[in-house]
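>
Residue numbers (our numbering): -1 to 170.
#1: Assuming contact is defined by CB atoms lying nearer than 9 Å, are residue 31 and residue 40 in contact in what I supplied?
#2: Would you mind working out which of 24, 104 and 67 sits nearest residue 78, comparing C-alpha positions?
#3: Cα separation between residue 75 and residue 164?
#4: Cβ of residue 42 within 9 Å of Cβ of residue 22?
#5: Could you check the C-alpha separation between residue 149 and residue 108 for me, to the nearest Å?
#6: Kindly indicate the opening and closing residues of the beta strand (DSSP E) around residue 38.
#7: Looking at the structure shown, is residue 121 part of a helix, part of a strand, or coil, going by DSSP?
#8: Apply the 10 Å Cβ neighbour rule to residue 145 and answer buried if 16 or more other Cβ atoms are within range, or exposed otherwise.
#9: Residue 133 and residue 106: beta carbons closer than 9 Å?
#10: What number of angstroms, rounded off, separates the C-alpha of residue 162 from the C-alpha of residue 117?
#11: The beta strand (DSSP E) that contains residue 74, what's its start and end?
#12: Write down the C-beta distance between residue 60 and residue 34 rounded to the nearest angstrom, noting that I regard them as a contact closer than 8 Å.
#13: Look at the alpha carbon of residue 38 and the alpha carbon of residue 25, and state the distance between them as a whole number of angstroms.
#14: Report yes if the CB atom of residue 112 is closer than 9 Å to the CB atom of residue 69, and no otherwise.
#15: Based on DSSP bridge pairs, tell me the residues matched to residue 131.
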């Protein structure tokens, strides 16, 4: 330690302690059954900090009446704490790993109804998001105070394609 109590640059932990090694793979499949129905499946496997983390996505898609599309989607993702959140915000705390920190997870449920004509596209999407192990930072520069959040929302979008002379296309 220096006179100020701070850890010197030469005394920082080795890079592998900070969890810089990350390997990931993603696989996606699409299965079409009947004429207007298909199922999308995706999975991502990540290896980091000596653990495996899995996130997935799935969607059922139905097209009907030539202009409508219905989607039901489910997904789960994770967020690994950053080095700063795990080891602190100043160099003195870099050697003090916070072993209580957990991986933040987010699960999303979404429905979507889409109408698409030649010049207009309208989409209505209600959704529910469930977040767990959200961490915040306290005054001692530690990631503590884990909490959960549930979010319920609706997105409404409308896009109009307006033909304009001298322009290929104008979307509003």
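C-beta: ideal position from N, C-alpha, C; glycine also.
In short, the structure shows the following:
#1: no
#2: 104
#3: 45 Å
#4: yes
#5: 12 Å
#6: 35 to 46
#7: strand
#8: exposed
#9: The Cβ atoms of residue 133 and residue 106 lie no closer than 9 Å to each other.
#10: 12 Å
#11: 66 to 77
#12: 6 Å
#13: 11 Å
#14: Cβ atoms of residue 112 and residue 69: closer than 9 Å.
#15: DSSP output for residue 131 lists no bridge partner at all.
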